[in-house]
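J.: If you're matching them up, the sequences are chains B and F in order. Under our numbering, the first residue of the first sequence is numbered 6, with each subsequent residue one higher. Under our numbering, the first residue of the second sequence is numbered 829, with each subsequent residue one higher. Backbone N, C-alpha and C define an ideal beta-carbon position, used for all residues, glycine too. Below: one structure in C-alpha cells.
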Amino acid sequence: MSNETTSAVQNGLPPNGSDPQASAAYTLTGVTKTYQKGRRTIFALRDVNLTIPEGEWLAVQGRTGHGKTTLLQVLGGLDQPDSGSVVFGDRDLSQLRETQVTKIRATSIGFIFQTFNLVATLSAAENVEAALIPLGVTSAKRRQLVTAALDSVGLADRARHLPSELSGGQQQRVAIARALVKEPRVLLADEPTGNLDQDTRDDIIGLLEKLWRDRQLTLVLVTHDSSVARRAQRVAIMIKGQLKMADRL
Amino acid sequence: MFFLTYLRRELRQRMRQAIVIAAGLGLGIGLVITVTALSSGVRTAEGKVLGSLYGVGTDITVTTPAKPASGANGSGGFGGGPTPKPYVQHTDILTSPTQGPIASSEVAAISRLHDVAAASGGLTLTEIKATLPADNQPPTGAFQPPVLLSVVGAPVGRGALGPLTAAHRKSGREFTAADASADVAVLDSGYATAHHLAVGSVVTVARRPFTVIGIVTQPQGSSPPSIYIPLARAQALANLGAGKVNTVYVEAASAAAVGKVSREISRQMPSATVTNSGTLAKSVAGSLKTTSKLATTFGTWLAVLALLAAFAVASLLTLAAVARRIREFGTLKALGWRSSRISIQVIGETIAMGIAGAALGVAIGFTGALLASKAAPSLTATVQTYNASKGGVGGQLGRAGGIFNGTIGGPVTTFANPNATHVVPVPFSAPITGGAIVLAVALSLGGALVAGSFGGWQVTRLRPAEALASAG
C-alpha cells in the first residue's frame, strides 16, 4: 500500500480520493437472516446495520459460519433477508422482484468467488463474455470489451484458454475480468485469495486494489486473511451474525 | 452467437451423456418408424386384398340372405333346387342359393342416399349341372358329382359400377349397352385358360349358348366368378322378375362417408348384409392378419414403451446434468442471467440432442424397416369366396331341401364350395413415408423438449445463494 493510501485510510478518506461524505452505495438497516437447522434457528445475520459509502473498500472478517458470505449474498441480491432493508443506491433490494434484482446484478454488481466459478467448458474470453450476455451488448462490442477486460488483468494472451489450462491465479484474474467487464458500481469478493498461494494472493490483491482505485469501485471483500483485510479502508467483523466495525473492537 | 458456442461446448464436454440421450431417443424413434412402416405395409397389403375382394371403386356391397325354401322346384331362381323324382334327373339350373332378391327400387333408393356417388345391382348366381339318382338313392359307383359354375349378371355399359369395375381386360372387349339383351359373355382368364376358351368361343349357361366377347382378370386375392353375362340375360335365365338383383354395388362419395352410408343402408334394409372394408377386413385371416395384429397392438405398445423409456432416460439424465451444474447456473444467475435465459440454454442443449436422436432414429427406422421387409416371411391372407356369403353354395343347397339335403347333402357342401375360403399370397414391404419421418422428428424434438423443460424447471427453482453454496 502506498504512503498516500495509508495516510488516506488513517484520515478516514478512501485512498482513491472519493469523498467519505459521498452518497451511500449500501444502507443496511436491521437486516436479519435466519436458517433452520433441524429444530434450531441459526442467525446468519442478526440486526445488521451498515452504511457503505460509494467508493469505499470494506473488508469483512470473521470465523467460518458467522455470516460473512450471507452478508455478501444479501448485498448482491442473491439472497433475501428475513427482515430489514438493503438499500442499494436508492432501491431496497429486499422489496424488489427477482427479475428486478437480477437486472441490478447484471448491470451494477460484480462478483468474485473463492473457487473462481468459471464455466469449465468456456474459454477465458467466453467466460468474461458471459457477463455481458444479460446486457444485450452486440457481439462486436462484446469482443472489444472482453479484450480490454482481459488486457486489464494481464491475460490478453490467454483469451482462448480453457479454465483447466490456466493456473489458479490466472483463473481468478479471468474471474476479476468477468466481474469488471460490465463496469459495475460495486464489486463483491468472497475470499478471492482463499485458494491461492501467498505470491499469487499478493498479485491478486494488488490487482484488485489497482482496479478499485482506478475505477472508483465500491469494494466489499470477505476474507480470513488479516493481511488482506488491513489493506481495506474499513474492516468489519462478523461474530455470530452480528457486524462490528474493527475500530470499535 | 454465444448461445450456440455455449451449447456446442457443453455438448462436447458431456459427449458421453449426449450420446446416451440421443441414442435413447434414436432407439425409441427408430422403433416408431419401423412399427409405422410395418403397419403401413400391412395396411397396404390388407388394402390390396380387400380391394381385390371388393373391386376398385366399390366401397360397399349389399346382399340379403336367401330365404329357406320349403322344397326345390327345379326352376332355378332364389333358393330353388331340384326335387327328388322316381327317375334319374339331368338338371342344369341357374340359381342364387345363398343370396336373396333385391328389388330395383331398393337399388334406386340406395343410389339416392346422401353421400352415395353411385349404386348398381348385379346378380351373383350359380349354375348347377347335375345328374340326380332316382328317389334319393345313394349315389352309385358311376355317380358324377354336380358341376358348379359361378355366373355373374353384370350391369352393361362403359364404366358401369359392378363386378367388372376392378377387372383388367386381357383380350376382346367389355360389355356395351348394346349387349344388354345379347347372349354374350365375358370370361375370367383362369376359367378361360382351364377350359381352353378364347374370344369367339361359345359357352353354355343354363342350356343357352353365349359367345365369348372378352377375357378379363380380376385382382389377386379375389375369387372371381367364371362367367359374366349381361344382367338382363341373367335375370331372364334365373327366372327372376325384371329388375331383381341380389348384390348391390355402392360407391361412396368419399372414404370418410363409407361408415355413414353403410349405416344408412342397414337402417333402410334391416335384413341386408352390408359389407364395407371394415367388415370385410374381419373376414380376412392368415399370417397377414396375424402380422397386422402384431403391428397394431404389440408393435405399437412396444414403440410407445420405448418412446416413454427414452423420454424418461432423457429427462432423468438432463435433471442429473442440471444437478451437477448447479454452481455453474448459480454463477450465471450471479452474473445477471435470468432463469428463463438459463432454461433456454438447457432446453437448447436437449433439443440439439433431440435432433441427433431424430437423425439416429430415422437411420435406425430405415434399417429396421429394410430388415423387416427382407426378413419377413411371405404373408398370406385367407379370404372368403367372391360373394363373401356365409355358408357357401353347398350349404344353401343342402338347406334348400330335396336330394342335396339328404343322401349327398354333406359331400356336396364340401364339393360345391371348395373355395369358401382361399389363401392368397400377399407381397409385403414396409415403406417409410415422409409423414412417418416428420412424426419421428417431431416426437424426438418433443421428447427433448420435455426433458429440457424438466431441466429448465429445475433451473427456475434454483435459488442463487443455495446454488453457489452447493458442492458442485
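(1) Let me know the secondary structure DSSP gives B/Lys249 once reduced to three states.
(2) Using a C-beta cutoff of 7 Å, does B/Phe48 count as contacting chain F?
(3) Give every residue of the same chain whose Cβ lies closer than 8 Å to the Cβ of B/Asp52, excluding the five residues on either side of it in the sequence, and list them in chain order.
(4) Taking Cβ positions only, does B/Thr152 come closer than 7 Å to chain F?
(5) Nearest CA to the CA of F/Gln972: which residue from F/Gln917, F/Asp1007, F/Pro1058 and F/Ser1082?
(6) List the whole-angstrom C-beta distance separating F/Leu1160 from B/Ala135, where the pair is believed to meet the contact cut-off of C-beta under 8 Å.
(7) The beta strand (DSSP E) that contains F/Thr952, what's its start and end?
(8) Flag this pair as yes or no: are the beta carbons of F/Val1089 and F/Tyr1056 separated by less than 7 Å?
(9) Comparing the C-beta of F/Ala1293 with each C-beta of chain B, is any distance below 7 Å?
(10) Which residues, taken in chain order from the stretch 114 to 126 of chain B, show a beta carbon closer than 9 Å to some beta carbon of chain F?
(11) Touch check for the stretch 137 to 146 of chain B and the stretch 838 to 854 of chain F: three-plus C-beta pairs under 8 Å?
(12) Suppose you measure from the CA of F/Ala982 to the CA of F/Gly950; what does that come to, to the nearest Å?
(13) Which chain F residues sit within Cβ distance under 9 Å of B/Glu131?
(14) Quick one: which unbroken beta strand (DSSP E) runs of 3-plus residues sit fully inside the stretch 990 to 1062 of chain F? Chain order, please.
(15) Secondary structure at B/Lys38, three-state DSSP: helix, strand or coil?
(16) Could you say which of F/Gly1018, F/Val890 and F/Trp1165 lies nearest to F/Pro1047 if we only look at CA atoms?
(17) Strictly under 7 Å for the Cβ-Cβ distance: is B/Thr107 near chain F by that measure?
(18) For F/Asp920, which of helix, strand or coil comes out of DSSP?
(19) Straight-line CA distance for F/Arg1095 to F/Thr1101?
(20) Can you grab the Cα-Cα spacing for the pair F/Pro1053 / F/Pro893, in whole Å?
(21) I think F/Ala1279 touches F/Ser1143, with their Cβ atoms under 8 Å apart; what is that distance to the nearest whole Å?
(22) Run the CB neighbour count on B/Tyr40, radius 10 Å, all protein chains shown included, and call it buried at 16 or more, exposed below.
(23) Which residue marks the beginning of the beta strand (DSSP E) containing B/Phe48, and which one marks its end?
(24) Check whether the stretch 58 to 73 of chain B touches the stretch 165 to 176 of chain B, taking contact to mean three or more Cβ pairs, one atom from each stretch, closer than 8 Å.
(25) Measure how close the beta-carbons of B/Leu155 and B/Ala164 come, nearest whole angstrom, since I'm counting them as under 8 Å.
(26) Counting contacts by CB-CB distance shorter than 7 Å, is F/Trp1285 in contact with chain B?
(27) Rounded to whole angstroms, what's the CA-CA distance from F/Gly1000 to F/Val975? Just pull it up for me.
(28) So F/Arg1152 contacts chain B; which residues on that side make the cut at Cβ distance below 8 Å?
(29) Quick one: Cα of F/Asn1104 to Cα of F/Arg871, how far?
(30) Identify every residue that forms a DSSP beta bridge with B/Asp97.
(31) Please confirm whether F/Glu1177 has its beta-carbon closer than 7 Å to some beta-carbon of chain B.
(32) Between the stretch 991 to 1010 of chain F and the stretch 930 to 946 of chain F, do three or more beta carbon pairs fall short of 8 Å?
(33) What residue from F/Ala1293, F/Val1269 and F/Gly928 has the CA that sits closest to F/Asn1074's CA?
(34) Is F/Ser1272 buried or exposed, if buried means 16 or more other CB atoms sit within 10 Å of its CB?
(35) For the alpha helix (DSSP H) that B/Gln78 lies in, which residues bound it at each end?
T.: According to the data block:
(1) By 1-based counting over the first sequence, the position of residue 249 of chain B is 244. Strand.
(2) Position 43 of the first sequence, counted from the first residue, corresponds to residue 48 of chain B. Using beta-carbon distances, B/Phe48 does not count as an interface residue toward chain F, since no partner is under 7 Å.
(3) Along the first sequence, read from residue 1 onward, the residue named residue 52 of chain B stands at position 47. Cβ neighbours of B/Asp52 beyond the five flanking positions: Gly35, Val36, Thr37, Gly89 and Gln247.
(4) Your numbering for residue 152 of chain B matches position 147 in the first sequence. Output row for B/Thr152: interface = no.
(5) As a working mapping, residue 972 of chain F is identified with position 144 in the second sequence. Considering only alpha carbons, the answer is F/Gln917.
(6) Walking along the second sequence from the start, residue 1160 of chain F turns up at place 332. Walking along the first sequence from the start, residue 135 of chain B turns up at place 130. Yes, F/Leu1160 and B/Ala135 are in contact; Cβ-Cβ is about 7 Å, under 8 Å.
(7) On the second sequence, residue 952 of chain F is found 124 positions in, with the first residue counted as 1. Segment Val944 to Leu960, the beta strand (DSSP E) holding F/Thr952.
(8) Against the second sequence, residue 1089 of chain F aligns to sequence position 261. Against the second sequence, residue 1056 of chain F aligns to sequence position 228. No. Outside cutoff.
(9) The sequence position of residue 1293 of chain F within the second sequence is 465, counting from 1. For F/Ala1293, the nearest beta carbon of chain B is closer than 7 Å to its own beta carbon.
(10) When CB distances to chain F are screened at a threshold of 9 Å, the residues of the stretch 114 to 126 of chain B falling below it are Ile114, Gly115, Phe116, Phe118, Thr120, Asn122, Leu123, Val124, Ala125 and Thr126, in chain order.
(11) At 8 Å Cβ cutoff, the stretches do not touch.
(12) By one-based count along the second sequence, residue 982 of chain F stands at place 154. By one-based count along the second sequence, residue 950 of chain F stands at place 122. When rounded, the distance between both Cα atoms is 5 Å.
(13) To locate residue 131 of chain B, count along the first sequence from 1; it is residue 126. Per Cβ cutoff of 9 Å: Phe830, Thr833, Tyr834 and Arg837.
(14) Whole beta strand (DSSP E) segments, 3+ residues: 996 to 1000, 1012 to 1016, 1030 to 1033, 1036 to 1045 and 1055 to 1058.
(15) Start at 1 with the first residue of the first sequence, and residue 38 of chain B comes out as number 33. Strand.
(16) Translated into positions along the second sequence, residue 1047 of chain F becomes position 219. The residue with the shortest Cα to Cα distance from F/Pro1047 is F/Gly1018.
(17) The sequence position of residue 107 of chain B within the first sequence is 102, counting from 1. It does: the Cβ of B/Thr107 has a partner Cβ on chain F nearer than 7 Å.
(18) Within the second sequence, the letter at position 92 stands for residue 920 of chain F. Strand.
(19) Walking along the second sequence from the start, residue 1095 of chain F turns up at place 267. Walking along the second sequence from the start, residue 1101 of chain F turns up at place 273. Straight-line Cα distance between these residues: approximately 11 Å.
(20) Position 225 of the second sequence, counting from 1, holds the residue named residue 1053 of chain F. Position 65 of the second sequence, counting from 1, holds the residue named residue 893 of chain F. Looking at the two C-alpha atoms, the distance is approximately 19 Å.
(21) Translated into the one-based positions of the second sequence, residue 1279 of chain F becomes position 451. Translated into the one-based positions of the second sequence, residue 1143 of chain F becomes position 315. Indeed, because the Cβ distance is near 4 Å, the residues count as touching under 8 Å.
(22) Taking the first residue of the first sequence as 1, we reach residue 40 of chain B at position 35. Counting Cβ neighbours within 10 Å, B/Tyr40 comes out exposed, since fewer than 16 surround it.
(23) As a first step, residue 48 of chain B must be located in the first sequence, where it is residue number 43. Where B/Phe48 is concerned, the enclosing beta strand (DSSP E) stretches over Arg45 to Pro58.
(24) No, the stretch 58 to 73 of chain B is not in contact with the stretch 165 to 176 of chain B.
(25) To locate residue 155 of chain B, count along the first sequence from 1; it is residue 150. To locate residue 164 of chain B, count along the first sequence from 1; it is residue 159. Contact between B/Leu155 and B/Ala164 holds, since their C-beta atoms are separated by about 5 Å, short of 8 Å.
(26) In the second sequence, the residue the question calls residue 1285 of chain F occupies position 457. By the rule that beta-carbons nearer than 7 Å mark a contact, F/Trp1285 does not touch chain B.
(27) In the second sequence, the residue the question calls residue 1000 of chain F occupies position 172. In the second sequence, the residue the question calls residue 975 of chain F occupies position 147. Take the alpha-carbon of F/Gly1000 and the one of F/Val975: they are about 27 Å apart.
(28) Residue numbering aside, residue 1152 of chain F sits at position 324 when the second sequence is read from its first letter. None at all; the shortest Cβ gap to chain B is about 11 Å.
(29) Position 276 of the second sequence, counted from the first residue, corresponds to residue 1104 of chain F. Position 43 of the second sequence, counted from the first residue, corresponds to residue 871 of chain F. Rounded to the nearest angstrom, the gap between the Cα atoms of F/Asn1104 and F/Arg871 is 15 Å.
(30) Looking up residue 97 of chain B in the first sequence gives position 92. For B/Asp97, which the question treats as bridged, DSSP gives the partners B/Val92.
(31) Against the second sequence, residue 1177 of chain F aligns to sequence position 349. Not an interface residue.
(32) Cβ pair count under 8 Å is below three, so no.
(33) Taking the first residue of the second sequence as 1, we reach residue 1074 of chain F at position 246. It is F/Gly928 whose Cα lies nearest to the Cα of F/Asn1074.
(34) Residue numbering aside, residue 1272 of chain F sits at position 444 when the second sequence is read from its first letter. The residue in question, F/Ser1272, is buried, as its Cβ has 16 or more Cβ neighbours within 10 Å.
(35) Within the first sequence, residue 78 of chain B is the residue found at index 73, counting from 1. Its alpha helix (DSSP H) spans residues Lys73 to Leu80.
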